[in-house]
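This report concerns only the one structure given below.
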Amino acid sequence: MHISDAMLQGSICPVTAVVSVIGISAATYYTMKGEKPSASRFAAITALIFAGQMMNFPIMNGTSGHLLGGVLVASLLGIPFGVLSIAMVVVIQSLVFSDGGIAVLGANLLNMAIIGAGLGGMLHSILAIRCPGARGDMTALAVSAWISVVMSSFAVCIELALDGKIAFANIVAAMVTTHSLVGIGEAIITVVSYLLVRSIKSQQNHCITPITAAIVIAFLLSPFASEFPDGLAWMAEKYRFLHESAPVFVGMLPDYSISFISNEILSVGVAGLAGVIISFFAAWIFHRAISLLSV
């Protein structure tokens with residue numbers, strides 16, 4: 148779902164940047180007014196989302212998908228902190244790993260943080276009220292997780308069309324169909340992860356369990372994730388709406404690899420571990436800053 152600099156290069160970039168800044172600013176404002184998860188829990192869940200997004204799973208026709216995590220993190224941390232958590236992951240992915248371009252950072256934040264966690268989290272809240280009980284809540288969680296992926300993919304289609312890269316009608320059906328399948332995986336992962344995290348009894352394990360899971364996923368499992376292109380990258384190749392241009396910025400660990408480690412599996416694992424550590428401490432520091440400003 149990450150848009151690269153080669154996909155969008157028009158006025159849509161600053162427009163989405165402004166919308167994202169407004170949305171993230173609003174989320175930050177509400178985090179200062181309402182209840183807050185602990186800094187360690189916010190950091191651990193953010194690190195877990197980062198690791199989860201590294202795990203691409205195959206879907207069909209040589210394509211893959213991965214967790215977006217918007218509804219999951221919104222349900223665990225609350226919608227404002229959910230938006231900020233996804234935003235931090237997207238920024239780290241772009242700046243450190245060159246996963247999603249700098250010029251299109253606003254579009255990626257809009258699609259995954261504002262729409263995925265913000266609107267997806269709101270939808271879950273509405274559905275949960277209408278579907279009482281534990282089973283109803285899990286149904287609401289799964290449905291909203293699926294819809295959040297479809298909404299994000301629909302937003303990408305609009306952005307590409309407004310940028311003039313491809314006609315909306317030419318891509319929307321294929322894009323939404325592909326991500327409807329990705330959404331099934333999103334729904335399953337969201338429900339299972341939510342149940343596992345919410346079942347933790349002690350306050351201490353609310354941090355230890357997610358960060359341990361993040362380390363295991365990033366270091367041990369991510370090197371074996373599907374190598375198929377994700378749905379958006381596959382669409383870009385099929386419909387040829389990629390620009391031939393050098394990247395605006397290259398991160399320290401591009402493509403989730405360590406240049407001086409020759410073993411590919413170890414290289415990806417160490418890069419993933421570095422991402423988990425960066426995500427954890429960046430989120431922890433951000434939470435502490437918000438807490439200080441709220442006093």
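So in the working numbering the end of the sequence shown lands on 442, straight run, no missing numbers. Think of the CB as a built atom: it goes at the ideal place given N, C-alpha and C, for glycine as much as any other residue.
(request) Give me whichever residues DSSP pairs with glycine 212 in a beta bridge. (result) Indexing the sequence shown from 1 puts residue 212 at position 65. Glycine 212 is bridged to Phe204.
(message) What does the alpha-carbon distance come out to for the pair asparagine 317 and phenylalanine 428?
(response) Locating residue 317 in the sequence shown gives position 170, where the first residue counts as 1. Locating residue 428 in the sequence shown gives position 281, where the first residue counts as 1. Rounded to the nearest angstrom, the two C-alpha atoms are 43 angstroms apart.
(request) Pull up the distance between the alpha-carbon of asparagine 255 and that of isoleucine 335, whole angstroms please. (result) Position 108 of the sequence shown, counted from the first residue, corresponds to residue 255. Position 188 of the sequence shown, counted from the first residue, corresponds to residue 335. Spanning the two alpha carbons is a distance of roughly 23 angstroms.
(message) Measuring only the C-alpha atoms, how far is asparagine 258 from proline 279?
(response) In the sequence shown, the residue the question calls residue 258 occupies position 111. In the sequence shown, the residue the question calls residue 279 occupies position 132. Taking the straight line joining both Cα atoms gives about 29 angstroms.
(request) Throw me the rounded Cβ distance for the isoleucine 233 and alanine 260 pair, which I believe falls under 8 angstroms. (result) Position 86 of the sequence shown holds residue 233. Position 113 of the sequence shown holds residue 260. Sure, about 4 angstroms apart at Cβ, within 8 angstroms.
(request) Can you grab the Cα-Cα spacing for the pair leucine 439 / valine 323, in whole Å? (result) Counting from one through the sequence shown, the residue named residue 439 turns up at place 292. Counting from one through the sequence shown, the residue named residue 323 turns up at place 176. Near 42 angstroms, if we compare the C-alpha coordinates of valine 323 and leucine 439.
(message) Rounded to whole angstroms, what is the Cα-Cα separation between asparagine 410 and valine 397?
(response) In the sequence shown, the residue the question calls residue 410 occupies position 263. In the sequence shown, the residue the question calls residue 397 occupies position 250. Rounded to the nearest angstrom, the two C-alpha atoms are 22 angstroms apart.
(request) Whole angstroms is fine: what's the gap from aspartate 246's alpha carbon to alanine 153's? (result) Translated into positions along the sequence shown, residue 246 becomes position 99. Translated into positions along the sequence shown, residue 153 becomes position 6. Between aspartate 246 and alanine 153, the C-alpha separation is close to 12 angstroms.
(message) If I follow the unbroken alpha helix (DSSP H) through asparagine 317, where does it start and stop?
(response) Here residue 317 refers to the residue found at position 170 of the sequence shown. Where asparagine 317 is concerned, the enclosing alpha helix (DSSP H) stretches over 315 to 345.
(request) Please classify aspartate 377: does DSSP put it in a helix, a strand, or coil? (result) Stepping through the sequence shown from its first residue, residue 377 is reached at position 230. Three-state result, aspartate 377: strand.
(request) Count the CB pairs spanning the segment 212 to 221 and the segment 266 to 273 that are closer than 8 angstroms, and state whether there are at least three. (result) yes
(request) Tell me, please, whether the segment 303 to 321 touches the segment 369 to 377 by the rule of three or more beta-carbon pairs shorter than 8 angstroms. (result) no
(request) Report buried or exposed for isoleucine 355, applying the criterion of at least 16 other Cβ atoms within 10 angstroms of its Cβ. (result) Position 208 of the sequence shown, counted from the first residue, corresponds to residue 355. Per the 10 Å Cβ criterion, exposed.
(request) Report the rounded CA-to-CA distance for alanine 198 versus isoleucine 276, giving the unit in angstroms. (result) Position 51 of the sequence shown, counting from 1, holds the residue named residue 198. Position 129 of the sequence shown, counting from 1, holds the residue named residue 276. One C-alpha to the other measures close to 31 angstroms.
(message) valine 162 and glycine 248 - do their beta-carbons sit closer together than 9 angstroms?
(response) Counting from 1 along the sequence shown, the entry for residue 248 is found at position 101. Counting from 1 along the sequence shown, the entry for residue 162 is found at position 15. In this structure, valine 162 does not lie closer than 9 angstroms to glycine 248 by Cβ.
(message) According to DSSP, simplified to helix, strand and coil, what is leucine 400?
(response) Locating residue 400 in the sequence shown gives position 253, counting from the first residue. In the structure shown, leucine 400 sits in coil (DSSP, three-state: anything other than H, G, I, E or B).
(request) Pick helix, strand or coil for aspartate 310, following the three-state DSSP scheme. (result) Against the sequence shown, residue 310 aligns to sequence position 163. Residue state, collapsed to three classes: coil.
(message) Assuming contact is defined by CB atoms lying nearer than 9 angstroms, are histidine 326 and serine 299 in contact in what I supplied?
(response) As a first step, residue 326 is located in the sequence shown; it is residue number 179 there, counting from the start. As a first step, residue 299 is located in the sequence shown; it is residue number 152 there, counting from the start. Contact flag set, yes.
(request) In angstroms with no decimal places, state the Cα-to-Cα distance between valine 296 and methionine 399. (result) For the purposes of this step, residue 296 is identified with residue 149 of the sequence shown, where counting begins at 1. For the purposes of this step, residue 399 is identified with residue 252 of the sequence shown, where counting begins at 1. Roughly 29 angstroms between the two C-alpha positions.
(message) Tell me whether the segment 303 to 311 and the segment 159 to 179 touch, counting them as touching only if at least three CB pairs, one residue from each stretch, are closer than 8 angstroms.
(response) yes
(request) Could you round the C-beta distance between isoleucine 437 and methionine 179 to whole angstroms and report it? I think they count as a contact, below 8 angstroms. (result) As a working note, residue 437 is residue 290 in the sequence shown. As a working note, residue 179 is residue 32 in the sequence shown. So it is a contact: roughly 6 angstroms between Cβ atoms.
(request) Could you tell me if valine 363 is buried or exposed, where buried requires 16 or more neighbouring beta carbons within 10 angstroms of its beta carbon? (result) Your numbering for residue 363 matches position 216 in the sequence shown. Its Cβ having fewer than 16 others within 10 Å, valine 363 is exposed.
(request) Decide if serine 172 is buried, meaning its Cβ has at least 16 other Cβ atoms within 10 Å, or exposed. (result) If you number the sequence shown from 1, residue 172 lands on position 25. Serine 172 comes out exposed.
(message) How far does the alpha helix (DSSP H) with isoleucine 249 in it extend, from its first residue to its last?
(response) Sequence index remark: in the sequence shown, residue 249 carries index 102 (1-based). From DSSP, isoleucine 249 is part of no alpha helix (DSSP H); its letter is neither H nor E.
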